[in-house]
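Okay, so the sequence shown: first residue is 1027 according to the numbering used here, each after it adds one.
Remarks on the structure that follows.
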Amino acid sequence: MAMQIDIPGADTLVIVSSESRYKLHSAQLMQAADAFADLLKIPGPNLSREGQRIGVRYLLVLQDFDEATRRYIYPVFRRIPVDQGGRPLKKYSLMHENEENPRIRPTLFADYDRLLRIFVNQPVAFNDESVDTLLPDSLGLLEVAERLGALPMVAKLIENGLIVKGQEIFRAVSASPVIWIDVAYRIQSKVLFKEALVHLTGNYNALMLTPPQEAFLKKYPRARSVLDQLTPELRNLLEAKHDELKTICQYVEKEVSSHYLPGLQKSSVTGMAKDGTISRHDYGKDIFSWIAVGLYRHWWGLTLASGETYQNKYGGHDMYTRLFNGGGSYLTREVQSGFHQHFPMSSRAQKVVENNLDIIKAGVVKIATPLMKNESQLDIATTPVKWLTCIKVKGTDYLWDPEIEYEQKPEEEPEEEPEEEFEGEFEGEFEQEAEVGAEQPSEIQPVSEKAKGKRPATKAPVENKGKRRAVEAPVETGSSIEPVRKKGKGRATMPFGEEDVDADENGDAEGEEV
């Protein structure tokens, strides 16, 4: 029978079946596979001249029958002893490719053919019409390589054959991440491992509700989820990444719950509280901003109560997507009209509330941005998914080869040089403005006299060469004109106290009928 592979000078005959024989070097086999190294560690006989002509010093046969127990077993290679003439010293059984054998898969012999060809650097063929046809061939080769302890010989070949499929393989990983993370872990492919882990984490809740495969359930009747098919190492890693994603979602929801319109807060941070007592008018002029905040919080509370958060089936993906899109993706004008039916107001006031809601939504977009990042290589623009793909896979997550990540020290801010002090003639020209809120305009300060021989202070006003100083402007009040001092950002204050004449920040003048 013709050999599938016949290398000149080879000393080992490998018989996979009655139809498949390979003449290979024992040194190559021992280097490529741990199982062959164990079988060939005892040297063969010194061949006679006739034996050298045959060239068989070692005979390895794939068998599925144990003669000692008289039972069928999973196919394994056995070494058959030979004499000095290269002939077997005992009879042995062979497997046949054409017979129906329910104990083994039909592609087993093709898998061993590919593996032995890889050992001697010969090209191998896969059915790569699609990922669906490529995956069985890859898994079959992976299985026989693991049984022989030859995984390093085939890992990169399998990985490259899968990754070359591009978006097709990434779509397959997103559809069945449980299967693919196992494959990636076995062949130690960081690309496929990261891809599968991202989709496993984002789709965690839905996969927890998916029952395991029937074959796995027969072997492990207590299994309740398809995630139970993962190895303990992979399951522990997945649980940690899921907790990490949950923490990010909780942070985003808390930030949305406490988001306000910019400039609405009355505190020392905004520079408003230090000016004195905050009156009712300071809050009253923001009435439409507070209405918008209340309406948004009303919608947000209903959304959280309806279970659209990270705890739902797809981890809150739909809700976070609407927050990120903003605009008319949620809390539309039609929804707002229902609010105005219970709390009627003028059309102009409704427009002000709508504009304020748009400002709130724009601020929420920035909050939701971290959840909308795509850490996978799947093009979600053409192949959208229902779960989040924002979880970042770190170097320490690769279980077989964790990468050490060094903490980056924050950059030290350069020390600011002390400002030079101006003394002498121009010192008074750089004095700070008087505190805003004084009821009466302060007197003009004279120029300081620190240096000897400087001109004395006068009551004449100093020219405003530096910072702009407060000036007095006449304001007509009734029949007389009284001086009023302008303060802050163009705000005019009556000298009587709390009667301000500000225009409403929301676009409505005071006294607008609602």
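Just so it is clear, CB atoms sit at the ideal spot from N, CA and C, and this is done for glycine as well.
Only a predicted model underlies this, so the values are computations on that prediction, with no experimental measurement involved.
CB contact flag (residue i, residue j, <8 angstroms)
| i | j | result |
| --- | --- | --- |
| leucine 1039 | valine 1082 | yes |
| arginine 1212 | leucine 1264 | no |
| leucine 1086 | arginine 1105 | yes |
| serine 1074 | glutamine 1030 | no |
| glycine 1341 | tyrosine 1230 | yes |
| valine 1170 | tyrosine 1138 | yes |
| glycine 1035 | isoleucine 1080 | no |
| serine 1215 | leucine 1120 | no |
| alanine 1058 | alanine 1176 | yes |
| aspartate 1163 | isoleucine 1130 | no |
Residue i versus residue j - alpha carbon distance
| i | j | result |
| --- | --- | --- |
| proline 1553 | threonine 1273 | Only positions 1027 to 1540 of the chain appear in this structure, which leaves residue 1553 out of reach. |
| phenylalanine 1350 | valine 1378 | 23 angstroms |
| isoleucine 1041 | leucine 1141 | 13 angstroms |
| phenylalanine 1135 | cysteine 1416 | 43 angstroms |
| arginine 1374 | isoleucine 1386 | 19 angstroms |
| asparagine 1072 | glutamine 1078 | 9 angstroms |
| arginine 1173 | glutamate 1093 | 21 angstroms |
| leucine 1188 | methionine 1234 | 27 angstroms |
| alanine 1198 | glycine 1192 | 10 angstroms |
| arginine 1306 | alanine 1407 | 50 angstroms |
| alanine 1318 | isoleucine 1430 | 48 angstroms |
| asparagine 1186 | leucine 1271 | 30 angstroms |
Own chain partners of residue i with C-beta closer than 8 angstroms, once the 5 adjacent residues on each side are dropped
| i | result |
| --- | --- |
| arginine 1348 | Ser1355 and Tyr1356 |
| glutamine 1367 | none |
| threonine 1257 | Asp1208 and Tyr1211 |
| arginine 1282 | The question names arginine, yet the displayed sequence has valine at residue 1282. For valine 1282, where only same-chain residues beyond five positions count, the Cβ hits under 8 angstroms are Trp1326, Leu1349, Val1390, Ile1393 and Ala1394. |
| leucine 1115 | Ile1106, Pro1107, Val1108 and Asp1109 |
| histidine 1324 | Phe1365 |
| glutamine 1362 | Leu1321, Gln1376, Val1379, Glu1380 and Leu1383 |
Nonlocal neighbours in the same chain, by C-beta distance under 6 angstroms from residue i, ignoring five residues either side
| i | result |
| --- | --- |
| glycine 1297 | Residue placement at glycine 1297 is flagged as unreliable, the pLDDT there being 49, under the threshold of 50; the coordinate-derived value follows with that caveat. Closer than 6 angstroms at Cβ, skipping near neighbours: no residue. |
| serine 1548 | Because the chain spans 1027 through 1540 in this model, residue 1548 falls outside it and cannot be assessed. |
| asparagine 1490 | Only weak support exists for where asparagine 1490 lies, its pLDDT of 46 falling under 50; the value from the coordinates is given anyway. Hits under 6 angstroms: none found. |
| leucine 1404 | Phe1196 and Ser1200 |
| aspartate 1032 | Lys1049 |
| glutamate 1045 | Glu1123 |
| tyrosine 1118 | Val1087 and Ile1106 |
Buried or exposed by the 16-neighbour rule on C-beta atoms within 10 Å, applied to residue i
| i | result |
| --- | --- |
| proline 1410 | exposed |
| aspartate 1427 | exposed |
| glutamate 1447 | Only weak support is given to the placement of glutamate 1447: the predicted model assigns it a pLDDT of 44, under 50, and the question is left unresolved by the model. |
| leucine 1161 | buried |
| threonine 1227 | buried |
| histidine 1343 | buried |
| proline 1203 | buried |
| threonine 1329 | buried |
| valine 1108 | buried |
| aspartate 1158 | exposed |
| valine 1295 | Any reading at valine 1295 is ruled out, since the residue's pLDDT is 48, under 50, leaving its predicted position unreliable. |
| isoleucine 1184 | buried |
Chain-order list of residues whose beta-carbon lies under 7 angstroms from that of residue i (same chain, five-residue window excluded)
| i | result |
| --- | --- |
| leucine 1260 | Ile1207 and Tyr1211 |
| glutamate 1076 | Gly1111 |
| histidine 1285 | Ile1386, Gly1389, Val1390 and Ile1393 |
| methionine 1056 | Phe1062, Ala1063 and Leu1066 |
Hey, is the region 1050 to 1065 in contact with the region 1141 to 1159, meaning 3+ C-beta pairs nearer than 8 angstroms?
-> yes
For the region 1273 to 1282 and the region 1328 to 1336, state whether three or more C-beta atom pairs, one from each stretch, are separated by less than 8 angstroms.
-> yes
Answer yes if the region 1148 to 1156 comes into contact with the region 1119 to 1131, meaning at least three C-beta pairs across the two stretches below 8 angstroms, and no otherwise.
-> Result no; under three Cβ-Cβ pairs closer than 8 angstroms.
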